[in-house]
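If you're matching them up, the sequences are chains A and B in order. End of the first sequence sits at 118 in my numbering; the numbers just go up one at a time, nothing left out. End of the second sequence sits at 150 in my numbering; the numbers just go up one at a time, nothing left out. Ideal placement from N, C-alpha and C gives every residue a C-beta, glycine not left out. None of the values given here were measured: they were computed from a predicted structure. This report concerns only the one structure given below.
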Amino acid sequence: AQKITQTQPGMFVQEKEAVTLDCTYDTSDPSYGLFWYKQPSSGEMIFLIYQGSYDQQNATEGRYSLNFQKARKSANLVISASQLGDSAMYFCAMSLLIIQGAQKLVFGQGTRLTINP
Amino acid sequence: DTEVTQTPKHLVMGMTNKKSLKCEQHMGHRAMYWYKQKAKKPPELMFVYSYEKLSINESVPSRFSPECPNSSLLNLHLHALQPEDSALYLCASSQDLLGGRPTTDTQYFGPGTRLTVL
């Protein structure tokens with residue numbers, strides 16, 4: 002069965018430090034996508050970064066990078082130079098094709114990140 | 033522009049009421065989704081519409097009735113809900129599942145509707 006595991010329920014980091022949020026996944030499908038979303042207390046799920054299973058390079062988007070280790074089935078999110086506005090819940094998710102024309106996102110339990118001034 | 037809008041932002045309803053949640057996107061996306069999210073939990077998929085046809089129903093009770101009037105709009109009709117249905121309801125859309133590799137399709141979410149059932 003497909004599964005996403007986030008083992009850090011909460012993390013506390015000093016402002017301007019880098020932070021790594023852990024994500025491991027389990028699937029037997031050769032084709033899958035891995036996503037990270039940020040959810041502030043307002044509730045909106047904000048897309049941060051995507052990594053495809055066939056991508057050779059690690060994805061980067063501004064201060065966000067994804068450390069993709071396929072053999073270990075891990076897709077950790079790295080946030081460089083953290084800011085107070087980075088405080089939020091972070092979800093790792095995997096996309097799965099259900100039927101042609103429809104996919105499903107499987108989410109981890111999330112990590113609550115708190116940035117301290 | 034990756035904006036998905038949802039109305040209302042907050043909704044309080046009684047168990048005998050009928051209400052509707054609305055979702056709209058103008059990104060030309062052809063897939064739209066409803067998720068339910070309870071407090072401190074990840075979102076759970078409810079329905080998927082692809083090219084205005086219902087593709088996935090994750091065994092959702094019939095008191096939730098989705099509708100996709102056109103490619104930009106998605107509604108969720110609510111009737112005879114229970115207090116345990118109180119949650120954040122999130123709408124999402126994605127571009128084109130049929131044209132390329134579906135697992136690369138990024139879902140963009142709206143701000144959600146916080147529903148309270150009394």
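Excluding sequence positions up to five before and after M46(A), its CB lies within less than 8 Å of the CB of Y38, K39, Q40 and F92, all in the same chain and listed in chain order.
Boundaries of the beta strand (DSSP E) around K39(A): G34 to Q40.
An exposed status is given to H109(B), since fewer than 16 other beta-carbon atoms sit within 10 Å of its beta-carbon. Within the region 68 to 116 of chain B, the beta strand (DSSP E) runs of at least 3 residues that lie entirely inside it are, in chain order, 76 to 82, 85 to 89, 96 to 102 and 105 to 111.
Measuring C-alpha to C-alpha distances from A82(A) to each of P10(A), Q15(A), Q7(A) and Q110(A) identifies Q15(A) as the nearest. By the rule that beta-carbons nearer than 9 Å mark a contact, A103(A) touches chain B.
Within chain A, no C-beta atom comes less than 9 Å from the C-beta of Q57(B); the nearest is roughly 14 Å away. G11(A) counts as exposed, since fewer than 16 other beta carbons sit within 10 angstroms of its beta carbon. Residues of the region 79 to 112 of chain B whose Cβ lies closer than 9 Å to any Cβ of chain A, in chain order: V80, Y81, S82, Y83, K85, S87, I88 and E90.
By the Cβ neighbour-count rule, A94(A) is buried, with 16 or more other Cβ atoms within 10 Å of its own.
Residue state for D23(A) is assigned as coil, using DSSP reduced to three classes. Interface annotation for the region 79 to 100 of chain A against chain B: M90, F92, A94, M95, S96, L97, L98, I99 and I100, criterion Cβ-Cβ distance under 9 Å.
Counting only the Cα atoms, H111(B) lies some 5 Å from K50(B). With a 10 Å radius around the Cβ and a threshold of 16 neighbouring Cβ atoms, A124(B) comes out buried. With a cutoff of 9 Å on beta-carbon distance, P143(B) and G111(A) are scored as not near each other. CA-CA distance, L106(A) to I99(A), rounds to 10 Å. Between V149(B) and M45(B), the C-beta spacing is below 9 Å. Around I80(A), the same chain offers A19, V20, R64, Y65 and D87 as residues with beta carbons nearer than 7 Å, after the five sequence neighbours per side are excluded. L122(B) carries a strand assignment under DSSP once its states are collapsed to helix, strand and coil. In this structure, T25(A) and K74(A) form a Cβ contact; the two beta carbons are roughly 6 Å apart against a cut-off of 8 Å. If you keep only unbroken beta strand (DSSP E) runs of at least 3 residues inside the region 41 to 96 of chain A, you get 47 to 53, 65 to 70 and 75 to 80.
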